[in-house]
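*Asks:*
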Amino acid sequence: MHTLKYLTAYPEQLRTQVSGLIAQDRLGDTLRQRYPAPHGIRTDRALYDYVQDLKDEYLRQAAPVSKVAFDSKIQVVQHALGLHTAISRVQGGRLKAKHEIRIASLFRDAPLPFLRMIAVHELAHLKEKEHDKAFYKLCCWMEPAYHQLEFDVRLYLTWLDLAGARLWNAEPAPLPR
């Protein structure tokens with residue numbers, strides 16, 4: 017049985033099912049069936065616009081986000097798919113904070129639901145700093161399928177570890193309007 021390092025917190029039954037998919041060489045096909053094509057967001061500007069639209073829809077009163085970018089330096093090994101940072105600076109007699117969101121560049125070629133899950137996760141940190149019940153409640157409010165998508169992202173990371181190749185190299189799916 018493979019060490020399923022991204023799935024250690026899940027029940028044994030689920031890990032056994034995933035191991036079965038791996039043994040039958042069906043994990044990649046299963047993910048491709050659920051998510052047939054990658055998104056079309058290729059530039060940092062398009063990513064910023066996408067995340068800003070989510071923020072405007074769900075977190076209008078939250079602090080502004082000054083930068084959103086794909087980041088090739090984020091390593092999944094460090095247990096990060098994205099990062100939210102707040103940089104505080106003294107400006108005159110006031111303290112100003114700039115919020116930045118960085119998303120691992122491996123998600124440039126992933127399906128839109130995966131990107132959305134990560135963006136929602138990082139946006140939720142604008143309101144909730146800790147990964148507690150309130151944080152996950154906010155994530156689920158912004159993306160009702162949040163927990164399923166998080167699990168599927170973990171399946172994708174498992175696939176990347178095993179196969180060493182990305183699943184989606186086809187033309188990107190059109191963005192929803």
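First residue of the sequence shown: 17, per the numbering used here; consecutive thereafter.
Don't be surprised by glycine CBs; every beta carbon is placed ideally from N, CA and C.
(1) Based on the DSSP output, what are the partners of F86 in its beta bridges?
(2) Evaluate contact between the region 113-133 and the region 46-57, counting only Cβ atoms and requiring at least three cross-stretch pairs below 8 Å.
(3) State the start and end residues of the unbroken alpha helix (DSSP H) segment that holds H163.
(4) Is R48 helix, strand or coil by DSSP?
(5) DSSP on L75, reduced to helix/strand/coil?
(6) Can you tell me whether T59 is buried or exposed? The criterion is at least 16 other CB atoms within 10 Å of its CB, across all chains shown.
(7) Just the C-alpha distance for R48 and L171, rounded to the nearest angstrom, thanks.
(8) If we ignore side chains and look at the alpha-carbon of each, how far apart do Y162 and V169 end up?
(9) Just list the residues that DSSP pairs V81 with in beta bridges.
(10) Which value, in whole angstroms, describes the spacing of the CA atoms of L154 and G109?
(11) By how many angstroms is the C-alpha of V136 removed from the C-alpha of L70?
(12) Thinking just about the alpha-carbon of each residue, which of P80, S82, V81, L97 is nearest to the one in S88?
(13) Applying the criterion that 16 or more other CB atoms from any shown protein chain within 10 Å of the CB defines a buried residue, is P80 buried or exposed?
*Replies:* This is what the structure gives:
(1) I119
(2) yes
(3) 162-179
(4) helix
(5) coil
(6) T59 should be labelled exposed.
(7) 11 Å
(8) 10 Å
(9) H115
(10) Answer to the nearest angstrom: the Cα atoms are 33 Å apart.
(11) 8 Å
(12) Ranking the options by Cα distance to S88, first place goes to L97.
(13) When all chains shown are included, P80 counts as exposed.
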